[in-house]
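Residue numbers (the working numbering), protein chains in the order written: chain A, 174 to 395; chain B, 174 to 395.
Encoded as structure tokens, the structure appears first; notes follow it.
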DNA sequence: TAGATTGTTAATCGATTAACAATC
DNA sequence: TAGATTGTTAATCGATTAACAATC
């Protein structure tokens, strides 16, 4: 991941920035003007050097002994992530997960605004969830073009994921937040970020299995 | 992550295993007996050497020229992840996201069975979702003990997350799939796996911002 | 001033990739 | 047999951590 004027920024660093952002917003409520890398590190059980490295991508300069200006950091992280300007997004797939995302009320803090939902199921089309009507997928391509929507959240069944991705990309979508199992094929210039809950769960269960197995009393071999 | 009789297994490898598993199950439907690392690699746009390294953790031996036995791999991955025995789990927090997870019908394939849901909101308690009644959190600790439940899915608001984690761990929970923003403090011997949707979104938006910025025509500086 | 904290450069650690012998 | 693929050891790449001078 290359950005910020040729400076290399690692994906793990980018993934940690929203955590810091949440903490900083909370911290700000305590009316603190400055925050040190050490304080952030303690909260997340990380090394302070990692915090300093991560924050360096924002180009914010801290003061020795004082730390970083909280407000400055918040703004700089939001700027870096592109969360300072809220982008319109379409939600495609009005199933369980799609509806849960639609109901999340703080996407504006994550730089996103879900302006419409689409589904292929005629039974769902026309229904209103969280103040937004479900539109037929037939209108998806046209609306992407007309509204210049660049971000789509894909929460459909696997079977229709690739065809919808093709349609959306053809209409101008440049970023897909993909909650399906499908490995989407997209042309260069389109960003796909996959959310794989099964990957997360696999880390939990394999660690848990290892731990519980290691505790299990076993018959002594000779 | 140390397992499998002292062999080191990396977290990224573990995260890829469920992807392979899904592909293998699909592949099996095509009545293929063997699958090569090359075939899996092509499907996921990965290097075949990475597939071979990842699959090595399962201890399954492939045959040169032939590949790996599909059935054998499926079983070995499920065994490694602990998905061969389905564990009972409690869902704590009957909000949007919690309900979406409850509605997911294939957790058995991921080694999990959500047997009960809990919420602190009296308005939700007693309601039935997807065939399961929402129970009051007051019963949580007691039921964890009585049913020997080891896994909990935490989807509550941030404010109550830590207190509930303490309660659950005190009652015998050893693994928490944490969907809240909170950095949970737990004693050694308890596994916490965090799902951070904001981290995923941050990768998408920062890459997208970089890409769109690089395309934007700009005034030439002399 | 003294000392805590930043920011940079170097060292270490871990994951991915390359090379290649073994083999079906 | 010839050749594709596995499995292992070595090399490379990238991320984290250590060290330490700069400085408020």
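We put the CB at the ideal spot given by N, CA and C, even for glycine.
Remember, it's a predicted structure, so these values are computed and weren't measured experimentally.
Inter-residue spacing [alpha-carbon to alpha-carbon] between residue i and residue j
{"i": "residue 353 of chain B", "j": "residue 376 of chain B", "result": "19 Å"}
{"i": "residue 180 of chain B", "j": "residue 369 of chain B", "result": "29 Å"}
{"i": "residue 224 of chain B", "j": "residue 302 of chain A", "result": "42 Å"}
{"i": "residue 361 of chain B", "j": "residue 269 of chain B", "result": "31 Å"}
{"i": "residue 214 of chain B", "j": "residue 278 of chain A", "result": "39 Å"}
{"i": "residue 339 of chain B", "j": "residue 211 of chain B", "result": "46 Å"}
{"i": "residue 374 of chain A", "j": "residue 234 of chain B", "result": "26 Å"}
{"i": "residue 182 of chain B", "j": "residue 190 of chain B", "result": "11 Å"}
{"i": "residue 321 of chain A", "j": "residue 372 of chain B", "result": "25 Å"}
{"i": "residue 193 of chain B", "j": "residue 332 of chain A", "result": "18 Å"}
{"i": "residue 294 of chain B", "j": "residue 300 of chain B", "result": "11 Å"}
{"i": "residue 312 of chain B", "j": "residue 327 of chain B", "result": "16 Å"}
{"i": "residue 315 of chain A", "j": "residue 204 of chain B", "result": "41 Å"}
{"i": "residue 257 of chain A", "j": "residue 257 of chain B", "result": "46 Å"}
{"i": "residue 249 of chain A", "j": "residue 239 of chain B", "result": "53 Å"}
{"i": "residue 384 of chain A", "j": "residue 291 of chain A", "result": "44 Å"}
{"i": "residue 187 of chain A", "j": "residue 305 of chain B", "result": "39 Å"}
{"i": "residue 202 of chain B", "j": "residue 330 of chain A", "result": "18 Å"}
{"i": "residue 336 of chain A", "j": "residue 343 of chain A", "result": "11 Å"}
{"i": "residue 247 of chain A", "j": "residue 199 of chain A", "result": "11 Å"}
{"i": "residue 289 of chain A", "j": "residue 251 of chain B", "result": "39 Å"}
{"i": "residue 184 of chain B", "j": "residue 227 of chain B", "result": "10 Å"}
{"i": "residue 386 of chain A", "j": "residue 367 of chain B", "result": "22 Å"}
Contact with chain B by residue i, beta-carbon distance below 7 Å
{"i": "residue 228 of chain A", "result": "no"}
{"i": "residue 270 of chain A", "result": "yes"}
{"i": "residue 191 of chain A", "result": "yes"}
{"i": "residue 250 of chain A", "result": "no"}
{"i": "residue 243 of chain A", "result": "no"}
{"i": "residue 364 of chain A", "result": "yes"}
{"i": "residue 263 of chain A", "result": "no"}
{"i": "residue 304 of chain A", "result": "no"}
{"i": "residue 254 of chain A", "result": "yes"}
{"i": "residue 201 of chain A", "result": "no"}
{"i": "residue 217 of chain A", "result": "yes"}
{"i": "residue 293 of chain A", "result": "no"}
{"i": "residue 382 of chain A", "result": "yes"}
{"i": "residue 283 of chain A", "result": "yes"}
{"i": "residue 373 of chain A", "result": "yes"}
For residue i, three-class secondary structure by DSSP
{"i": "residue 258 of chain A", "result": "coil"}
{"i": "residue 295 of chain B", "result": "coil"}
{"i": "residue 376 of chain B", "result": "helix"}
{"i": "residue 391 of chain A", "result": "coil"}
{"i": "residue 230 of chain A", "result": "coil"}
{"i": "residue 358 of chain A", "result": "coil"}
{"i": "residue 236 of chain A", "result": "strand"}
{"i": "residue 385 of chain A", "result": "helix"}
{"i": "residue 208 of chain A", "result": "strand"}
{"i": "residue 201 of chain A", "result": "helix"}
{"i": "residue 187 of chain B", "result": "helix"}
{"i": "residue 343 of chain A", "result": "helix"}
{"i": "residue 306 of chain B", "result": "strand"}
{"i": "residue 312 of chain B", "result": "helix"}
{"i": "residue 180 of chain B", "result": "strand"}
{"i": "residue 352 of chain A", "result": "coil"}
{"i": "residue 265 of chain A", "result": "strand"}
{"i": "residue 241 of chain B", "result": "strand"}
{"i": "residue 370 of chain B", "result": "helix"}
{"i": "residue 285 of chain A", "result": "strand"}
Chain-order list of residues whose beta-carbon lies under 6 Å from that of residue i (same chain, five-residue window excluded)
{"i": "residue 297 of chain B", "result": "267, 307"}
{"i": "residue 309 of chain A", "result": "298"}
{"i": "residue 259 of chain A", "result": "281, 284, 286"}
{"i": "residue 324 of chain B", "result": "260, 262, 348"}
{"i": "residue 216 of chain B", "result": "196"}
{"i": "residue 271 of chain B", "result": "264, 328"}
{"i": "residue 245 of chain A", "result": "233"}
Closer than 7 Å to chain A by CB, residue i
{"i": "residue 353 of chain B", "result": "no"}
{"i": "residue 195 of chain B", "result": "yes"}
{"i": "residue 378 of chain B", "result": "yes"}
{"i": "residue 273 of chain B", "result": "yes"}
{"i": "residue 210 of chain B", "result": "no"}
{"i": "residue 337 of chain B", "result": "no"}
{"i": "residue 221 of chain B", "result": "no"}
Same chain, Cβ closer than 7 Å to residue i, neighbours up to 5 away in sequence not counted
{"i": "residue 121 of chain B", "result": "No statement about residue 121 of chain B is possible, as the shown extent of chain B runs from 174 to 395 and does not include it."}
{"i": "residue 242 of chain A", "result": "206, 207"}
{"i": "residue 379 of chain B", "result": "none"}
{"i": "residue 334 of chain A", "result": "327, 353, 355, 357"}
8 Å Cβ shell around residue i - same chain, five flanking residues per side excluded
{"i": "residue 318 of chain A", "result": "344, 345"}
{"i": "residue 276 of chain A", "result": "302, 303"}
Q. Would you say the stretch 278-285 of chain B touches the stretch 340-347 of chain B, given that touching needs at least three Cβ pairs under 8 Å?
A. No, the stretch 278-285 of chain B does not touch the stretch 340-347 of chain B.
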